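Chains as they are written, first to last, in the numbering used here: chain A, 1 to 188; chain B, 1 to 188.
2 protein chains.
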Amino acid sequence: MRSNSEEAEFLYEPSILKKLDFGKARTKFEPKISAAQPGAGLLVRPLSSDDYDKGFIQLLSQLTKGGDVSRQDFLDRFASMKRCANTYYVTVIEDTHLGRVIGSATLVVEQKFIRNCALRGKLEDVVVNDSYRGKQLGKLIISTISLLAEELGCYKISLDCKDQLVPFYTSLGYLREEGNANSMTIRF
Amino acid sequence: MRSNSEEAEFLYEPSILKKLDFGKARTKFEPKISAAQPGAGLLVRPLSSDDYDKGFIQLLSQLTKGGDVSRQDFLDRFASMKRCANTYYVTVIEDTHLGRVIGSATLVVEQKFIRNCALRGKLEDVVVNDSYRGKQLGKLIISTISLLAEELGCYKISLDCKDQLVPFYTSLGYLREEGNANSMTIRF
């Protein structure tokens, strides 16, 4: 257990989320919501070091094998991501009434030498709690990540997905570029 | 310009390349070569801080827009990657007779919370100088990166590529997984 003297901290500076211009989002929201105004009782913010107790790992287990992650495992990974400056932007939606994390997506910013030492974004590990359907929260968290990548100076953002999700991501502005849309994998 | 008092350093610990077991490579080499024994006059090693003067940026310009990268830009990016511990594994092939970098590929190791705080590898920015064809060097650098990802504990390694490269990567063990092989992109 953490002692009360330790204060929760954010994985990245939260103020950047307020800057995002949802007028530039590549989809329409009806009703209009944004990272700054996600709807009553909801908050879009960076992952916090106290999100272990707000159900973050249980939420991820809806996505894939969450595994048996202890509080210390979570805090160690959080600290390791934070040490890797300007790289990990795990972004969550909290139901502030319940104090529970109900959505999450991650922007990973990769540093390159090509393209004049460019930055390139990757969208990873998108999940919204099933019981919050119909609130545009999938669109909201993905658009937040996309706008964040642009705000941070990435020249592109990309993702890998299953066939069944292609229409959804297309509706959010992602393209399977002709002749250049193959994701290939070796599993160990 | 760097002063003579500054010594060149590697982006990551070179000894890990000697550990890689090319018996586990998912392709055959004829004649047999490996990261430890790449052939006469060739050396496989981590990117070094003096590779700007060995033509590293010019090599990348064969791949895409290299941009106008100064020595200081290169050194800044090198230092920034190195600060991001256990993440960037830019790996090069040097022609030791000429003192030139003639091949490069990058492993980016991404930290996750899913799958019990797993690591996942990405293969990026593969290039071999055109005039070194027929020496299996593309196979060599990609197999090096793949084995390195496994050695570092990644649960998978993936890449995005153009249609025309699918057969090549298939021959090296990469799969377009059925129903799960879409790379989608927004460019800014």
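A virtual CB, placed ideally from N, CA and C, is assigned to each residue, including glycine.
Just so you know, these numbers come straight off a predicted model, no measurement behind them.
| said: Under 8 Å, Cβ to Cβ, is there at least one residue of chain A near Arg45 (chain B)? | reply: Here residue 45 (chain B) is taken as the residue at index 45 of the second sequence, counted from 1. Taking Cβ atoms only, chain A never reaches closer than 8 Å to Arg45 (chain B), which makes this a no.
| request: Leaving out five residues on either side along the sequence, give the residues of the same chain with a beta carbon under 8 Å from the beta carbon of Gln164 (chain B). | output: Walking along the second sequence from the start, residue 164 (chain B) turns up at place 164. So no residue of the chain qualifies.
| request: Assuming Ser143 (chain A) contacts Ala25 (chain A) (C-beta within less than 8 Å), just tell me the rounded distance between them. | output: Position 143 of the first sequence, counted from the first residue, corresponds to residue 143 (chain A). Position 25 of the first sequence, counted from the first residue, corresponds to residue 25 (chain A). About 4 Å separates the two Cβ atoms, so the contact holds.
| request: Go ahead and label Ser131 (chain A) buried or exposed: buried means 16 or more other beta carbons lie within 10 angstroms of its beta carbon, across all protein chains shown. | output: Position 131 of the first sequence, counted from the first residue, corresponds to residue 131 (chain A). It is exposed - the Cβ of Ser131 (chain A) has fewer than 16 other Cβ atoms within 10 Å.
| request: Figure out for me which residue from A:Glu6, A:Lys156 and A:Gly55 has the closest Cα to the Cα of Glu177 (chain A). | output: By 1-based counting over the first sequence, the position of residue 177 (chain A) is 177. The candidate whose alpha carbon is nearest that of Glu177 (chain A) is A:Lys156.
| task | Under 8 Å between beta-carbons, which chain B residues line up against Leu140 (chain A)? List them in chain order, please. | result | Taking the first residue of the first sequence as 1, we reach residue 140 (chain A) at position 140. Ordered by position in chain B, no residue passes the 8 Å Cβ test against Leu140 (chain A), which lies about 16 Å from the chain.
| message | Does Leu107 (chain A) come out as helix, strand or coil in the three-state DSSP assignment? | response | Walking along the first sequence from the start, residue 107 (chain A) turns up at place 107. In this structure, Leu107 (chain A) counts as strand in the three-state DSSP scheme.
| message | At the level of alpha carbons, what is the spacing between Pro14 (chain B) and Pro46 (chain B)? | response | Numbered from 1 along the second sequence, position 14 holds the residue referred to as residue 14 (chain B). Numbered from 1 along the second sequence, position 46 holds the residue referred to as residue 46 (chain B). Near 6 Å, if we compare the C-alpha coordinates of Pro46 (chain B) and Pro14 (chain B).
| task | Taking 8 Å as the cut-off, decide whether the C-beta atoms of Val69 (chain B) and Phe22 (chain A) are in contact. | result | Taking the second sequence and counting its residues from 1, one reaches residue 69 (chain B) at position 69. Taking the first sequence and counting its residues from 1, one reaches residue 22 (chain A) at position 22. Contact: no.
| field | Three-state secondary structure (DSSP) of Ser3 (chain A) | value | Position 3 of the first sequence holds residue 3 (chain A). Residue placement at Ser3 (chain A) is flagged as unreliable, the pLDDT there being 49, under the threshold of 50; a coordinate-derived value is accordingly withheld.
| Who are the Cβ neighbours of Phe29 (chain A) in its own chain at under 6 Å, not counting the five residues just before and after it? | The sequence position of residue 29 (chain A) within the first sequence is 29, counting from 1. Only Gln136 meet the Cβ criterion.
| So what does DSSP say about Cys117 (chain B), is it helix, strand or coil? | Looking up residue 117 (chain B) in the second sequence gives position 117. The answer is helix: DSSP assigns Cys117 (chain B) an H, G or I state.
| message | Run through chain A and tell me which residues come within less than 9 Å of Ala85 (chain B), C-beta to C-beta. | response | Residue numbering aside, residue 85 (chain B) sits at position 85 when the second sequence is read from its first letter. In chain order: Ser80, Arg83 and Cys84.
| task | With a threshold of 16 other CB atoms inside 10 Å of the CB of Tyr174 (chain A), please say whether the residue is buried or exposed. | result | By 1-based counting over the first sequence, the position of residue 174 (chain A) is 174. Flag for Tyr174 (chain A) reads buried.
| query | If you draw a straight line from the alpha carbon of Ala85 (chain A) to that of Asp76 (chain B), how long is it in whole angstroms? | reply | One-based indexing of the first sequence puts residue 85 (chain A) at position 85. One-based indexing of the second sequence puts residue 76 (chain B) at position 76. Computed Cα separation, rounded: 14 Å.
| query | Based on the DSSP secondary-structure assignment, which residues constitute the bridge partners of Phe10 (chain A)? | reply | Your numbering for residue 10 (chain A) matches position 10 in the first sequence. Bridge partners of Phe10 (chain A): A:Ser48.
| field | Contact under 8 Å by Cβ, Pro38 (chain A) with Ile102 (chain A) | value | The count along the first sequence starts at 1 and reaches residue 38 (chain A) at position 38. The count along the first sequence starts at 1 and reaches residue 102 (chain A) at position 102. Not a contact, by the Cβ cut-off of 8 Å.
| task | Consider the Cβ of Asn180 (chain B): report whether some Cβ of chain A lies at a distance smaller than 8 Å. | result | Position 180 of the second sequence, counted from the first residue, corresponds to residue 180 (chain B). Chain A, which has a Cβ nearer than 8 Å to the Cβ of Asn180 (chain B), makes this yes.
| With a cut-off of 8 Å, does the C-beta of Tyr89 (chain A) fall near any C-beta of chain B? | For this step, residue 89 (chain A) is matched to residue 89 along the first sequence. No, because no Cβ of chain B sits closer than 8 Å to the Cβ of Tyr89 (chain A).
| If Asp50 (chain B) sits next to Ala8 (chain B), beta carbons under 8 Å apart, how far is it from one beta carbon to the other, in whole angstroms? | Taking the first residue of the second sequence as position 1, residue 50 (chain B) is located at position 50. Taking the first residue of the second sequence as position 1, residue 8 (chain B) is located at position 8. Yes, they are in contact, since the Cβ atoms of Asp50 (chain B) and Ala8 (chain B) sit about 4 Å apart, within 8 Å.
| request: Report the residues of the region 138 to 162 of chain B with a CB closer than 7 Å to any CB of chain A, ordered along the chain. | output: Ser146, Glu150, Cys154, Tyr155, Lys156, Ile157, Ser158, Leu159, Asp160, Cys161 and Lys162
| field | Between the CA atoms of Glu124 (chain B) and Leu60 (chain A) - distance to the nearest angstrom | value | Taking the first sequence and counting its residues from 1, one reaches residue 60 (chain A) at position 60. Taking the second sequence and counting its residues from 1, one reaches residue 124 (chain B) at position 124. Going by the C-alpha atoms only, they are around 27 Å apart.
| field | Close Cβ partners of Asp95 (chain B) (< 7 Å) along its chain, the five nearest in sequence each way excluded | value | Indexing the second sequence from 1 puts residue 95 (chain B) at position 95. Excluding residues within five positions, the ones whose Cβ falls inside 7 Å are Gly41, Leu42 and Ile102.
| query | How is Ile102 (chain A) classed by DSSP in three states: helix, strand or coil? | reply | Sequence index remark: in the first sequence, residue 102 (chain A) carries index 102 (1-based). Looking at Ile102 (chain A) - three-state DSSP - the assignment turns out to be strand.
| Near-chain B residues of the region 63 to 77 of chain A (beta-carbon distance less than 9 Å), N- to C-terminal order | Leu63, Thr64, Lys65, Gly66, Gly67, Asp68, Val69, Asp73, Phe74, Asp76 and Arg77
| task | Using only alpha-carbon positions, find the residue among A:Ile186, A:Glu150 and A:Thr185 that is nearest to Thr185 (chain B). | result | Working through the second sequence from its first residue, we reach residue 185 (chain B) at position 185. When each option's Cα is compared against that of Thr185 (chain B), the closest is A:Glu150.
| request: Could you tell me whether the Cβ atoms of Lys119 (chain B) and Gly153 (chain B) are closer together than 8 Å? | output: Numbered from 1 along the second sequence, position 119 holds the residue referred to as residue 119 (chain B). Numbered from 1 along the second sequence, position 153 holds the residue referred to as residue 153 (chain B). Before going on, a small fix: residue 119 (chain B) reads as Leu here, not Lys. Contact: yes.
| message | Let me confirm a value: Leu11 (chain A) is counted as buried when at least 16 other C-beta atoms fall within 10 Å, else exposed. Which label applies? | response | For this step, residue 11 (chain A) is matched to residue 11 along the first sequence. Buried, because 16 or more other Cβ atoms sit within 10 Å of the Cβ of Leu11 (chain A).
| query | Under a Cβ-count criterion, where at least 16 other Cβ atoms within 10 Å of its own Cβ denotes burial, should Glu110 (chain A) be classed as buried or exposed? | reply | Counted from its first residue, the first sequence places residue 110 (chain A) at position 110. Glu110 (chain A) should be labelled buried.
| Is Ile186 (chain A) close to chain B, meaning its C-beta is less than 8 Å from at least one C-beta of that chain? | Along the first sequence, one-based indexing puts residue 186 (chain A) at 186. At least one chain B Cβ lies under 8 Å of Ile186 (chain A).
| request: Check the Cβ of Gln58 (chain A) against every Cβ in chain B and list those closer than 8 Å, keeping chain order. | output: In the first sequence, residue 58 (chain A) corresponds to position 58, counting from 1. Correct list: empty, because the minimum Cβ distance to chain B is about 11 Å.
| message | Quick check: what's the CA-CA separation for Asn129 (chain A) versus Cys117 (chain A)? | response | For the purposes of this step, residue 129 (chain A) is taken as residue 129 along the first sequence, with counting starting at 1. For the purposes of this step, residue 117 (chain A) is taken as residue 117 along the first sequence, with counting starting at 1. If I take the Cα positions, the gap works out to 37 Å.
| Just how far apart, CA to CA, sit Leu20 (chain A) and Tyr88 (chain A)? | Looking up residue 20 (chain A) in the first sequence gives position 20. Looking up residue 88 (chain A) in the first sequence gives position 88. One C-alpha to the other measures close to 17 Å.
| request: Can you tell me the Cβ-Cβ gap for Leu172 (chain A) and Val127 (chain A), rounded? I've got them flagged as a contact below 8 Å. | output: In the first sequence, the residue the question calls residue 172 (chain A) occupies position 172. In the first sequence, the residue the question calls residue 127 (chain A) occupies position 127. That belief does not hold up - the Cβ atoms of Leu172 (chain A) and Val127 (chain A) are roughly 15 Å apart, past 8 Å.
| query | When DSSP labels each residue in this structure, what does Glu151 (chain B) get in the three-state scheme? | reply | Along the second sequence, one-based indexing puts residue 151 (chain B) at 151. In the structure shown, Glu151 (chain B) sits in a helix (DSSP, three-state: H, G or I).
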